[in-house]
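Chains as they are written, first to last, in this note's numbering: chain A, 59 to 470; chain B, 34 to 315.
Here it is as structure tokens:
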């Protein structure tokens, strides 16, 4: 049974020491509150600007080939965002094929796309030349496809009118598309695609600096030895540090969640959705998941940090941990990847997928329970590694300049 | 009158003062405070293989005694003190502090010791008072006792003026005072001091020397490792000279003088080392 007074003393000291540190405040508070939401808003704002700019862009299109394509030329001329142009003629190009001339006209930036048309009786064959690496040219593709569809409908209707059945012959299948998802559900879905990954990043970032500072940082400052010679079990020392790191990771999470909720409401309002909302059960699962994620990430990071010989070495260990934490989460964020019994055992991924499901209002309780059990297991294993590391006498000796480098020793 | 004679007179005067200061009302516990028997420590190094830092060490010290552990760098002093402080585990042999075995009863040993070394740092972002309160609570002092002990040590080391300043804002001397206060806050019967005056100016070092002297008069056992011979001469009741992990000489200053034929500790120390090195070369 732990001595709660001792544990509280250790925890309070760690927390006070961390919160008085500028780096901790930057990593655990400033970045989650300001940087990520600002970045998200900036990215979305930039995307909107780029989309608007693309929509306003007018593509120059040349229609070449059979003289019977007057209709096509007219449709291109009337289409929004397209401008019918004819490239300048030069004597040297007369010997070349129409396709070669079209290619050259695009390369020399006289036009953005060329539609080559050839009449073969009742069939009109068209070839569209464009360049996917030029914005205006790429924009023209979709618009010309619309013109081609319109042209086809026009020709088919005029042919149908010449038959006894008239235009009714074209009515084979009429499709009406109805999206039953409410604006709120759409907002929640959008949220479920982005928020879990962001939350994992925030918790990793929130735990990153405190995990290093309380372990290898303290050893570097030669303060750990003073605590180790008090009559306090090693487990209590590790737990005191661990709880402080968990607190800061959770703090980062909570602050970021509040900040992101505010930012997301602004984004959603711009997208004309009716706003997002969470059921009490979703909220409960998300909060529980956040606690689980913070305890797991803190334990894993501390176990690794305890193995480092210096703060610098600890930082270099953390970079791959960061990637290993984020990459699988990014991959499994796709709605096509379901939370399976196997994935519910994978640390971090299981929690991020539970977040995603909860945001969409889906709850598979056996898998949520499995996530809980396995996350607790991984956390306990990581804490055991941390306790074993701090109990290793080589831990205190590893960075001593007057000591014999890395030593193996018995456990205390 | 030669320099040596002057030095001898000063030393005798210091001892006389010490005898005069000896309290009559302090009850000094009887028995051995620290016993070390056939203590060995082997480190396993990837590059150098096995390194025996301490070999068959035997000594003991009593309450109310300052025991000096002298030796050149790498002699095994710090390793020995770290084993007594339960930071390192002995490879073989036994050591007991205030009747508790350092291996089997590590937590009991830690309750009985105050450990201070030149390497131990302070939590820079805590104030001096917070530091003392933190360590007091870890040592299990009740809140009432803690408050009175913190007040006592702040008074004792004249720390009130900077008690609420963060350690990162303190001078070296002030920090050393905080370290000493931290070491004795729980009033341990045994003090293990590993080069406590390392890097200190003469004023702060002299405060430290005074503090050790006072601890002895209050019946504490002090094991002191130092490179400063004058400090050892002034303070130590008995001296052990360690070299190559082994104890090469042990006794009072007078006994060591008699054994080596030299007057001053510096000469005694050199004579013991030379004898050891010559033996090893043969």
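All C-beta atoms in this analysis are idealised placements derived from N, C-alpha and C, irrespective of residue type, glycine included.
Can you pull the chain A residues whose beta carbon is under 9 angstroms from the beta carbon of residue i, in chain order?
i, result
"residue 153/B", "280, 281, 283, 284, 287"
"residue 215/B", "284"
"residue 146/B", "287"
"residue 108/B", "Near residue 108/B there are no residues of chain A at all, since even the closest Cβ is about 12 angstroms away, more than 9 angstroms."
"residue 140/B", "289, 290, 291"
Looking at residue j and residue i, is the spacing between their C-beta atoms short of 8 angstroms?
i, j, result
"residue 286/A", "residue 120/B", "yes"
"residue 364/A", "residue 444/A", "yes"
"residue 262/A", "residue 94/A", "no"
"residue 155/B", "residue 200/B", "yes"
"residue 67/B", "residue 117/B", "yes"
"residue 158/B", "residue 79/A", "yes"
"residue 272/B", "residue 225/B", "no"
"residue 447/A", "residue 429/A", "no"
"residue 357/A", "residue 441/A", "yes"
"residue 421/A", "residue 290/A", "no"
"residue 419/A", "residue 270/A", "no"
"residue 248/B", "residue 96/B", "no"
"residue 288/A", "residue 172/B", "yes"
"residue 69/B", "residue 128/B", "yes"
For residue i, which of helix, strand or coil comes out of DSSP?
i, result
"residue 73/B", "strand"
"residue 238/A", "coil"
"residue 203/B", "coil"
"residue 257/B", "strand"
"residue 153/B", "coil"
"residue 66/B", "strand"
"residue 85/B", "strand"
"residue 290/A", "coil"
"residue 129/B", "strand"
"residue 54/B", "Residue placement at residue 54/B is flagged as unreliable, the pLDDT there being 49, under the threshold of 50; the coordinate-derived value follows with that caveat. In this structure, residue 54/B counts as helix in the three-state DSSP scheme."
"residue 295/B", "coil"
"residue 402/A", "helix"
"residue 319/B", "Since the displayed chain B opens at 34 and closes at 315, residue 319/B lies outside it and no answer follows."
"residue 346/A", "helix"
"residue 137/A", "coil"
"residue 216/A", "helix"
"residue 96/B", "coil"
"residue 281/A", "coil"
"residue 183/A", "strand"
"residue 191/A", "coil"
"residue 176/A", "strand"
"residue 120/B", "coil"
Going along the chain, which residues of its own chain have a beta-carbon closer than 6 angstroms to the beta-carbon of residue i, five neighbours each way excluded?
i, result
"residue 116/A", "139, 141"
"residue 195/A", "170, 171, 188, 189"
"residue 463/A", "Here residue 463/A scores only 38 on pLDDT, less than 50, and its place in the model should not be relied on; the value that follows carries that caveat. For residue 463/A, where only same-chain residues beyond five positions count, there are no Cβ hits under 6 angstroms."
"residue 67/A", "none"
For a contact meaning CB atoms closer than 9 angstroms, what does residue i contact in chain B?
i, result
"residue 63/A", "170, 173"
Tell me which same chain residues have a C-beta within less than 8 angstroms of the C-beta of residue i, skipping the five on either side of it?
i, result
"residue 134/A", "119, 121, 140, 142, 173, 202, 205"
"residue 183/B", "162, 165, 166, 169, 218"
"residue 318/A", "94, 95, 98, 253, 256"
"residue 193/A", "112, 115"
"residue 405/A", "354, 358, 432, 433, 436"
"residue 242/B", "230, 264, 267, 268"
"residue 360/A", "269, 272, 273, 296, 299, 300, 303, 440, 441, 444"
So, at 7 angstroms on beta carbons, what are the nonlocal neighbours of residue i in its own chain, with the 5 sequence-adjacent residues on each side left out?
i, result
"residue 57/B", "Summary for residue 57/B: the model assigns pLDDT 44, below 50, so the residue's position carries little reliability; its value from the coordinates is reported in the next sentence. Nothing meets the Cβ criterion."
"residue 124/B", "73, 74, 75"
"residue 55/B", "Note on residue 55/B: pLDDT 48, under 50, position unreliable in the model; the coordinate value appears next. Closer than 7 angstroms at Cβ, skipping near neighbours: 250."
Could you work out which residues of chain A lie near residue i, taking near to mean beta carbons separated by less than 8 angstroms?
i, result
"residue 271/B", "What residue 271/B touches in chain A: nothing, since even the nearest Cβ is about 24 angstroms away."
Using a Cβ-Cβ distance cut-off of 8 angstroms, determine whether residue i contacts chain E.
i, result
"residue 143/B", "Absent from the structure is chain E; the protein chains it does hold are A and B."
Can you name the residues of chain B whose CB is closer than 7 angstroms to the CB of residue i?
i, result
"residue 79/A", "158"
"residue 114/A", "Those within 7 angstroms of residue 114/A in chain B number zero; the least Cβ separation is about 55 angstroms."
"residue 414/A", "None at all; the shortest Cβ gap to chain B is about 39 angstroms."
What residues of chain B sit near residue i, judged by a beta carbon separation below 8 angstroms?
i, result
"residue 67/A", "167, 170, 171"
"residue 303/A", "Result: empty, since nearest Cβ-Cβ is about 16 angstroms, beyond 8 angstroms."
"residue 520/A", "Since the first residue of chain A shown is 59 and the last is 470, residue 520/A is not available in this structure."
Just the chain A side, please: which residues come within less than 7 angstroms of residue i by C-beta, in chain order?
i, result
"residue 280/B", "Ordered by position in chain A, no residue passes the 7 angstroms Cβ test against residue 280/B, which lies about 21 angstroms from the chain."
Quick one: does the C-beta of residue i sit closer than 7 angstroms to a heavy atom of the ligand FAD?
i, result
"residue 197/A", "The ligand FAD is absent from the structure shown, which contains no ligand whatsoever."
Segment contact flag, the stretch 339-350 of chain A with the stretch 104-124 of chain A, C-beta cutoff 8 angstroms, min 3 pairs: Flag = no, the stretch 339-350 of chain A and the stretch 104-124 of chain A do not touch.
Sufficient close CB pairs (3 or more, under 8 angstroms) joining the stretch 274-294 of chain B to the stretch 86-96 of chain B: Result yes; three or more Cβ-Cβ pairs closer than 8 angstroms.
Inter-stretch contact (C-beta, 8 angstroms, three-pair minimum) for the stretch 236-253 of chain B and the stretch 104-116 of chain B: Result no; under three Cβ-Cβ pairs closer than 8 angstroms.
Touch test, the stretch 252-262 of chain A against the stretch 378-398 of chain A, Cβ-Cβ under 8 angstroms, three pairs minimum: Under the three-pair Cβ rule at 8 angstroms, the stretch 252-262 of chain A counts as touching the stretch 378-398 of chain A.
Sufficient close CB pairs (3 or more, under 8 angstroms) joining the stretch 183-191 of chain A to the stretch 94-104 of chain A: Contact check between the stretch 183-191 of chain A and the stretch 94-104 of chain A: fewer than three CB pairs, one atom from each, fall below 8 angstroms, which does not count as touching.
Cβ contact check for the stretch 217-232 of chain B and the stretch 164-174 of chain B: 3 or more pairs under 8 angstroms: Yes: at least three Cβ pairs fall under 8 angstroms.
At least 3 beta-carbon pairs within less than 8 angstroms: the stretch 300-316 of chain A vs the stretch 83-93 of chain A: Result yes; three or more Cβ-Cβ pairs closer than 8 angstroms.
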